[in-house]
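Chains as they are written, first to last, in the UniProt record's numbering: chain A, 1 to 366; chain B, 1 to 366.
Right, one structure below, let's go through it.
2 protein chains.
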Amino acid sequence: MSAVAEPGSLKVAQRVANGGAEATWNAIIQGDARFDRDGVLGRRAEGVDGAGVLSRAAELEIRFVCPGDADWPTVLDTMPATLDAGAEAVPPPFGLWVRGRGSPAGIGPQAVAVVGARAATSYGVRVAADLAADLATLGWTVVSGAAYGIDAAAHRGAMAMAGPTHAVLACGLDIAYPRAHAELLERIAGCGVVISELPPGMKPMRSRFIARNRIIAGLTSGTVVVEAALRSGALSTAHWAVKLGREVMVVPGPVTSQQSAGCHEWARNKGATLVTDAAEVVDAAGRLGVDAVSAPVGENRPLDRFRPEERDVYERMPAYAPVTVSELAECSGYSVPFVEASLRKLAGGGLVAEHDDGWARVPLAV
Amino acid sequence: MSAVAEPGSLKVAQRVANGGAEATWNAIIQGDARFDRDGVLGRRAEGVDGAGVLSRAAELEIRFVCPGDADWPTVLDTMPATLDAGAEAVPPPFGLWVRGRGSPAGIGPQAVAVVGARAATSYGVRVAADLAADLATLGWTVVSGAAYGIDAAAHRGAMAMAGPTHAVLACGLDIAYPRAHAELLERIAGCGVVISELPPGMKPMRSRFIARNRIIAGLTSGTVVVEAALRSGALSTAHWAVKLGREVMVVPGPVTSQQSAGCHEWARNKGATLVTDAAEVVDAAGRLGVDAVSAPVGENRPLDRFRPEERDVYERMPAYAPVTVSELAECSGYSVPFVEASLRKLAGGGLVAEHDDGWARVPLAV
């Protein structure tokens, strides 16, 4: 059936949800005109060599997992085949082809999608790799699509930290797509899994990429878009994440970069959370109270360890010219002895220095 | 009195608000112990050579404006000297020293502060200059602090488009601070004004910079922080803008840049609006319905002008390999004639091309 029904077919997903996969298959091969009205599924089923697909899969160590199997990622069961009027359905897959030493089972709570533009900038590639590496270090699984640019950088970053990473493809797992990533896909299969809804032999198509993206969104508790132009296809995974109620995160970048414009637009107008590092991703996508990390704060300033009055003395010193103790006492309202004592304490902290013509601030590192 | 009371003194501002400036001055010089408890103001008043300050100001063409004067920026009258319990007051200035060919009167509704780090990156300097230039083109006035880095870039960008720009200093207007910006300050005075609460002769101090920033926030309908490290002093103007109920905007930048970390933090956790160009600044800071501009959209895609079914044919084509008309009809469910007609229309739009072994997509510019 996975060789017959196009990934993301709502009609098939709803039939499976209502009557089960076997009944759906029977409806297809028996030519049930109420279900397969134009007969397209029936005609495709006639042309499928099921035994051939299975032997090809076995040969390449590609296994098929479906709901109920030990390897099945149960997080996908939350994808809604039907929804109340007004909302959109996100057809769950009825099975997945899987290749690799890892397992997709148990994925979800601590998994995040890291996706973005194929035509990524060097900035985006660096950020995606660093983010994925840091997420792997924090124990998170990185899921992506093995495409050029951001996707590949995310997989590589996670593997650099020996973290598991999974790739979801829009074609059969016998096809390395893109071809230049054949070795990358082998490496991913060596530590995680490569996943597809499509059986061996099926080619990538634009509609299949879009359907594939709902699996990437569905397998994870959030999607991070590292770089995307306005209306870029790279945002399709984010759209699915929204429909699935998963967290959508975007990485900011230079406003001069078109490849960050889609990220900024989503932060501004579509409710995406701005994230700048792995801790913030975990904070947004993590289960509340379990993975939450504290908000970033600036480094402690040298001035922080002085009393408010001593800091005030410091703040009342001219920015660039020396000042005498009596001048400073006059303008600050503090007594001469207090100003002098404060200056000596501040000097001990390296904040001020005494010169021939008075006291001056030592420039702070900005 | 401006030579005696420190800028931002809440005590003085409240007394002026309640009893007027003249009564406040009398309380100071008569040694009213209920008002000037430690006698600091009185002692400073004794040391001030009022006539000398005024003649020095006249010599340098520095004028003093106060509420009620034609030149007074009435937007400052909305700064609250007193607030209900729990909220903080933002002491309004009781007068400003002004130098330059422009006037601060009428500033506010279409004025925006563009501020940020002194240790700006080349990215920040470029963005600040471009933003200010575009704001000037849209008829907006750019206010800043004439400091190194972002401030100077903002003034220069506005003046490059012959837009008015005003600088607010933390010292007397006889002092060029920073010294290297003496020429910049002259240029600003040639088209806008340079403003200070402090009379000629007063030196810049850290506390005066902080007080100065409330004037920058108060003169404008919003503050844009272009670059700021976490807890940077450059965020002080943003803090004042929040207290004044003005819009706070931040420009995103590379997550690898510490000078953008403060901006990202404010967008994430302090409710600042992310802005990436002048139109978005006008959108956020402009009066609703008057200056609002539309949200950005991606450029029209070549595919947009085809019918949904034709786009669907395109989307079902393999991403990298040619496909025959009959294959495509089979997998898409459309008839052979319809697929063929759609392909010819798509070819006319440059989206697909016919080859010896079938039809293939022409790569789209990303």
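All C-beta atoms, glycine included, are put in the ideal place defined by N, C-alpha and C.
For clarity, every value in this text was computed on a predicted model and none was experimentally measured.
{"query": "Less than 8 Å separating the beta-carbons of Phe94/A and Ala21/A?", "result": "yes"}
{"query": "State buried or exposed for Ala5/A, treating a residue as buried only when at least 16 other CB atoms are found within 10 Å of its CB.", "result": "buried"}
{"query": "With distances taken between CB atoms, is the gap from Gly145/B to Leu219/B smaller than 8 Å?", "result": "no"}
{"query": "When you compare only the Cα positions, how much space is there between Ala154/A and Gly245/B?", "result": "41 Å"}
{"query": "Buried or exposed: Ser221/B, going by 16 or more other Cβ atoms within 10 Å of its Cβ?", "result": "buried"}
{"query": "Rounded to the nearest angstrom, what separates Tyr334/A and Glu340/A at their Cα positions?", "result": "10 Å"}
{"query": "Could you spell out where the alpha helix (DSSP H) holding Val313/B opens and where it closes?", "result": "Pro308 to Glu315"}
{"query": "Hey, does Pro296/B have any beta-carbon neighbour from chain A nearer than 8 Å?", "result": "Its pLDDT being 49, under 50, Pro296/B is placed unreliably by the model, and the measurement read from it follows with that caveat. Interface residue, yes."}
{"query": "For Trp266/A, I'd like the list of residues in its chain whose CB is within less than 6 Å of its CB, leaving aside the five on either flank, ordered along the chain.", "result": "Val250 and Ala272"}
{"query": "Between Arg268/B and chain A, is there a C-beta pair that is closer than 8 Å?", "result": "yes"}
{"query": "Which same chain residues, not among the five before or five after Gly139/B, have their C-beta less than 7 Å away from its C-beta?", "result": "Gln110"}
{"query": "Please tell me whether Met205/B has its Cβ less than 8 Å away from any Cβ of chain A.", "result": "yes"}
{"query": "Taking only three categories from DSSP, how would you classify Glu59/A?", "result": "helix"}
{"query": "Could you tell me whether the Cβ of Val251/A comes closer than 8 Å to any Cβ of chain B?", "result": "yes"}
{"query": "Would you say Gly31/B faces chain A, with C-beta separation under 8 Å as the test?", "result": "no"}
{"query": "From this set, Ala57/A, Thr78/A, Ser236/A and Leu10/A, which residue's C-alpha is nearest Gly100/A's C-alpha?", "result": "Ala57/A"}
{"query": "Nearest chain B C-beta to Gly277/A closer than 8 Å, yes or no?", "result": "Sequence check: residue 277/A is Asp here, not Gly. It does; some Cβ of chain B falls within 8 Å."}
{"query": "For Trp72/A, which residues of its own chain have a beta-carbon under 6 Å away from its beta-carbon, when the five flanking residues on both sides are left out?", "result": "Val65"}
{"query": "Quick one: which chain A residues come within Cβ less than 8 Å of Val125/B?", "result": "Within chain A, no residue comes near Val125/B; the closest Cβ sits about 12 Å away, beyond 8 Å."}
{"query": "Please state the DSSP three-state secondary structure of Gly139/B.", "result": "coil"}
{"query": "Please state if the CB of Ile175/B and the CB of Thr96/B are separated by a distance shorter than 8 Å.", "result": "Inspection of the sequence shows that residue 96/B is occupied by Leu rather than by Thr. Not in contact: Leu96/B and Ile175/B (Cβ atoms no closer than 8 Å)."}
{"query": "Against chain A, does His355/B count as a neighbour if the rule is that its beta carbon must be under 8 Å from one of theirs?", "result": "no"}
{"query": "Comparing the C-beta of Leu288/A with each C-beta of chain B, is any distance below 8 Å?", "result": "Note that Leu288/A has pLDDT 48, beneath the 50 cutoff, so the model's placement of it is unreliable and the number below is only indicative. Cβ-Cβ to chain B under 8 Å: no for Leu288/A."}
{"query": "Could you tell me if His166/A is buried or exposed, where buried requires 16 or more neighbouring beta carbons within 10 angstroms of its beta carbon?", "result": "buried"}
{"query": "Compare the beta carbon distance of Gly190/B and Gly172/B with 8 Å and say whether it is the shorter of the two.", "result": "no"}
{"query": "Given 8 Å as the limit, is there contact between the stretch 120-138 of chain A and the stretch 31-47 of chain A, that is, 3 or more CB pairs closer than that?", "result": "no"}
{"query": "Short of 6 Å in beta carbon distance, which residues of its chain neighbour Asp277/A, apart from the five on each side in sequence? Order them along the chain.", "result": "none"}
{"query": "Could you pull out every unbroken beta strand (DSSP E) segment of at least 3 residues lying fully inside the stretch 241-289 of chain B, listed in chain order?", "result": "247-250"}
{"query": "When you compare each of Ala329/B, Gly286/B, Glu88/B and Arg316/B to Pro204/A by their alpha carbons, which one comes out closest?", "result": "Arg316/B"}
{"query": "First and last residue of the beta strand (DSSP E) that includes Arg99/A?", "result": "Leu96 to Arg99"}
{"query": "With a floor of 3 residues, list each beta strand (DSSP E) that falls wholly inside the stretch 175-217 of chain A, ordered by position along the chain.", "result": "194-196"}
{"query": "Assign Gly116/B to buried or exposed, taking buried as 16 or more other Cβ atoms, counted over all protein chains shown, within 10 Å of its Cβ.", "result": "buried"}
{"query": "Closest Cβ-Cβ distance between Asp36/B and chain A: below 8 Å?", "result": "no"}
{"query": "Over what stretch of residues does the beta strand (DSSP E) that includes Leu351/A continue unbroken?", "result": "Careful: Leu351/A lies outside any beta strand (DSSP E) and carries neither H nor E."}
{"query": "Around the C-beta of Ala362/A, are 16 or more other C-beta atoms found within 10 angstroms, so that it is buried, or is it exposed?", "result": "It is Val, not Ala, that sits at residue 362/A in the sequence shown. Exposed, because fewer than 16 other Cβ atoms sit within 10 Å of the Cβ of Val362/A."}
{"query": "Quick check on Thr121/A - is its C-beta less than 8 Å from some C-beta in chain B?", "result": "no"}
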